[in-house]
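> In our numbering, the protein residues as written are 2 to 203.
Glycine included, every Cβ here is placed at the ideal spot set by N, Cα and C.
What follows is a single structure, and I will ask about it in a moment.
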Ligand SMILES: CC(C)(COP(=O)(O)OP(=O)(O)OC[C@H]1O[C@@H](n2cnc3c(N)ncnc32)[C@H](O)[C@@H]1OP(=O)(O)O)[C@@H](O)C(=O)NCCC(=O)NCCS
């Protein structure tokens with residue numbers, strides 16, 4: 002195994018163009034199901050659902066960690082969830098809903114679940130949120146923590162009072178080590194819970 006690169010071998014920046022956004026989608030699809038990848042039948046919809054809204058609506062808030070020119074991890078987020086959710090609803094989710102109803106993403110269970118959910122959609126309007134993933138070959142050397150520090154710093158500069166996220170069991174300890182507390186949790190299936198985590202920014 003190659004020796005781990007030190008954190009200062011990474012640069013943190015905005016995605017440089019479409020290829021970096023593709024890399025963000027790849028890492029999302031390869032890690033975001035509690036650290037595991039999603040199957041090939043889910044990848045296209047998964048990226049469309051989880052990455053594309055940030056690419057279209059708040060690209061300046063996404064960060065990538067670059068190592069030897071390649072994307073090693075990313076943080077997608079936005080400072081004002083209410084505005085983002087509203088724009089996502091009309092500009093992205095409605096067109097997506099219509100595409101799925103028209104037969105796009107055949108056989109994708111997430112697309113079918115999305116349609117069921119969308120019909121009875123009710124959204125909360127909380128402050129900032131995020132999701133963050135680092136490629137497995139680059140985990141454990143401070144990239145995730147650095148992303149979180151950078152994101153929190155920008156939120157503070159924008160007077161955003163707090164942030165929240167929803168995650169599986171795997172990363173709960175990571176968020177707790179950064180000061181998050183568990184707001185609520187829900188048993189999805191035997192042995193697997195979903196956790197709502199929150200952090201007040203001082
Ligand atoms: C969770 C994740 C983003 C953390 O990024 P990372 O770069 O590997 O984490 P860091 O090296 O910055 O770790 C920061 C601190 O959190 C701790 N930590 C990291 N992952 C942890 C975990 N799963 N459980 C408990 N603690 C963890 C580290 O030990 C470190 O502690 P320290 O500051 O006391 O030394 C990354 O491991 C990942 O992408 N995992 C798979 C996908 C995932 O679960 N993403 C979260 C989706 S909500």
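For a test of the three-state rule: what should DSSP assign to residue 191, helix, strand or coil?
Here residue 191 sits in coil by DSSP.
> Label residue 117 either buried or exposed according to how many other C-beta atoms from any shown protein chain fall within 10 Å of its C-beta, with 16 as the threshold for buried.
Exposed, because fewer than 16 other Cβ atoms sit within 10 Å of the Cβ of residue 117.
> Can you give the Cα-Cα distance for residue 157 and residue 67, rounded to whole angstroms?
The alpha-carbon atoms of residue 157 and residue 67 are separated by roughly 25 angstroms.
> State the DSSP-derived secondary structure class of residue 3, mapped to helix, strand or coil.
If DSSP states are grouped into helix, strand and coil, residue 3 belongs with coil.
> How long is the line joining the alpha carbons of residue 12 and residue 164, rounded to whole angstroms?
Each residue's Cα considered, the two are about 24 angstroms apart.
> Given the structure, does residue 199 come close to ligand 2, in the sense that its CB is under 8 angstroms from one of the ligand's heavy atoms?
Here the bound small molecules are ligand 1; ligand 2 is not part of this structure.
> Tell me whether residue 10, by its Cβ, gets closer than 8 angstroms to a heavy atom of ligand 1.
No, Cβ of residue 10 sits at least 8 angstroms from all heavy atoms of ligand 1.
> Could you tell me whether the region 87-100 touches the region 15-22, where touching means 3 or more Cβ pairs closer than 8 angstroms?
Counting Cβ pairs under 8 angstroms, fewer than three are found: no touch.
> Determine the closest residue to residue 73 out of 65, 100 and 194, with distance taken between C-alpha atoms.
Closest by alpha carbon: 65.
> Please go through the same chain and pick out, in chain order, the residues whose beta-carbon is closer than 7 angstroms to the beta-carbon of residue 180, but skip the five residues on each side of it.
Cβ within range, chain order: 200.
> Using only alpha-carbon positions, find the residue among 188, 82, 54 and 134 that is nearest to residue 37.
Checking every option, the nearest Cα to that of residue 37 belongs to 134.
> Just to confirm, is the Cβ distance from residue 60 to residue 16 under 9 angstroms?
In contact: residue 60 and residue 16 (Cβ atoms closer than 9 angstroms).
> From residue 5 to residue 28, what does the alpha carbon distance come to, in whole angstroms?
Approximately 19 angstroms between the Cα atoms of the pair.
> Thinking C-alpha only, which one of 57, 50 and 130 is nearest residue 155?
Nearest of 57, 50 and 130 to residue 155, Cα basis: 130.
> If you run the structure through DSSP and keep just helix, strand and coil, what is residue 39?
Coil, per DSSP.
> Looking only at its own chain, which residues have a Cβ that is under 6 angstroms from the Cβ of residue 176, when we skip the five neighbours before and after it?
198.
> Under the rule that 16 or more other beta-carbon atoms within 10 Å means buried, what is residue 14, buried or exposed?
When all chains shown are included, residue 14 counts as exposed.
> Between residue 50 and the rest of its own chain, which residues show a CB-CB distance below 8 angstroms, the 5 nearest in sequence each way excluded?
Only 97, 111 and 115 meet the Cβ criterion.
> Which residue from 35, 101, 26 and 113 puts its Cα closest to that of residue 75?
For residue 75, the nearest C-alpha among the options comes from 26.
> Taking only heavy atoms of ligand 1 into account, decide whether any of them is closer than 8 angstroms to the Cβ of residue 77.
For ligand 1, not one heavy atom lies less than 8 angstroms from the Cβ of residue 77.
> Leaving out five residues before and five after residue 43 in sequence, what residues of the same chain have Cβ atoms less than 8 angstroms from its Cβ?
Around residue 43: 30, 109, 110 and 111.
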